[in-house]
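Quick notes on the structure that follows.
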Amino acid sequence: GVGNESSSASDAGEGTAAPAPVPARCHDYPSSSAAAYTDFSSVPEPCSLEEVLSVNAESTSPPQRRDMNASSIRRRGGVTENGENDGGGGKTGEGGGGRANSRRGPYSHATFPTKLHDILSRPDVADIVGWLPHGRSWRILDQTAFVNCVMPHFFTQSKFASFMRQVNGWGFVRVTSGNDANSYYSELFLRGKRSLVRFMERKPAIRNMLGPEPNFAEYKTLPPNPEVDLKALIPLSPLP
Numbered sequence: 006g007v008g009n010e011s012s013s014a015s016d017a018g019e020g021t022a023a024p025a026p027v028p029a030r031c032h033d034y035p036s037s038s039a040a041a042y043t044d045f046s047s048v049p050e051p052c053s054l055e056e057v058l059s060v061n062a063e064s065t066s067p068p069q070r071r072d073m074n075a076s077s078i079r080r081r082g083g084v085t086e087n088g089e090n091d092g093g094g095g096k097t098g099e100g101g102g103g104r105a106n107s108r109r110g111p112y113s114h115a116t117f118p119t120k121l122h123d124i125l126s127r128p129d130v131a132d133i134v135g136w137l138p139h140g141r142s143w144r145i146l147d148q149t150a151f152v153n154c155v156m157p158h159f160f161t162q163s164k165f166a167s168f169m170r171q172v173n174g175w176g177f178v179r180v181t182s183g184n185d186a187n188s189y190y191s192e193l194f195l196r197g198k199r200s201l202v203r204f205m206e207r208k209p210a211i212r213n214m215l216g217p218e219p220n221f222a223e224y225k226t227l228p229p230n231p232e233v234d235l236k237a238l239i240p241l242s243p244l245p
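The working numbering applies: residue 6 is where the sequence shown begins, and numbers increase by one.
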């Protein structure tokens, strides 16, 4: 009967070898959000194309989504912000320091995610826009101050709707529930991992491939932003 079949299957499995352990560099993904989120926080900073692809391969995301991620990562792999191939090292940031075109921010050639990551590293705008405590998503806290004080120094667009089109166009996903509601995340956009953003691709997230929303409380909290010399930052305009 059914009981005999179950017993036979159990007996047959007793002599099989235990499954290989998951590599130490790959986190144990919580079952509730495994299909929705690949944790790239284990890659070093700066990181190489091979290191990012390795973590993606170890992900528990569905194979189709894993393959799509790998394809996107390879398309962006090795390309720095000025379009040159750096062999996988990437650049490290200084929290938006330096001087350049005041309309485009410290790097006129930087991608949108790079500029956004630099903004989030600035302690002087933490009450306007900032990382959530876990460092895996970010939220705008004061839309008026963001538009009037922050956007003019980093972006050519002056309207908040245009900024949000960029957010969506670069594949950021809005969290719709829980403590992280109305924050935005991307797997390749993490606090303290600036070199990861160069693997982001300008294309909207595919909603039906995301699965359930990740519960970031189940993942390790990322280290705080590195200290920044406030004197080296471009001063932002006060509110009118």
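Just so you know, even glycine gets a beta-carbon here, dropped at the ideal spot from N, CA and C.
Quantities reported herein were computed from a predicted structural model and do not represent experimental measurements.
Nearest to residue i (by Cα), restricted to the options the options
i: P67; options: S46, G216, D185; result: G216
i: M205; options: G183, K164, F194; result: F194
i: E55; options: P229, S142, P228, L201; result: L201
i: D234; options: N187, R127, R81; result: R127
i: N153; options: S142, S47, V134; result: V134
i: A222; options: L137, F168, W175, F165; result: L137
i: E218; options: E192, F151, N230, P209; result: E192
i: V57; options: R79, F151, K236, V155; result: R79
i: R179; options: K120, A62, R81, W143; result: W143
i: N74; options: V172, I211, C52; result: I211
i: A186; options: T161, N220, F160, Q162; result: N220
i: E50; options: P231, K236, A237; result: P231
i: L238; options: T226, V155, T149; result: V155
i: R70; options: Y42, I145, V172, Y189; result: Y42
i: G82; options: A62, S64, S53; result: S53
i: F168; options: L121, K236, E63, S76; result: L121
Proximity below 9 Å, CB of residue i to CB of residue j
i: L241; j: D129; result: yes
i: R199; j: D123; result: yes
i: D72; j: V60; result: no
i: Y224; j: H158; result: no
i: P209; j: G176; result: yes
i: S46; j: R141; result: yes
i: T119; j: R170; result: no
i: F151; j: F117; result: no
Residues sharing a beta bridge with residue i, DSSP
i: G178; result: Just to set this straight, residue 178 is Val in the shown sequence, not Gly. BP columns for V178 point to Y190.
Nearest-angstrom Cβ-Cβ length linking residue i and residue j, presumed shorter than 8 Å
i: R207; j: G174; result: 6 Å
i: V172; j: Y189; result: 6 Å
The ligand FMN heavy atom lying under 8 Å from the CB of residue i
i: S59; result: Among the components modelled here there is no ligand, and therefore nothing to report on the ligand FMN.
My parser needs the beta strand (DSSP E) runs of 3 or more residues fully inside the region 128-160; what are they?
Complete beta strand (DSSP E) runs here, min 3: 134-136, 143-145.
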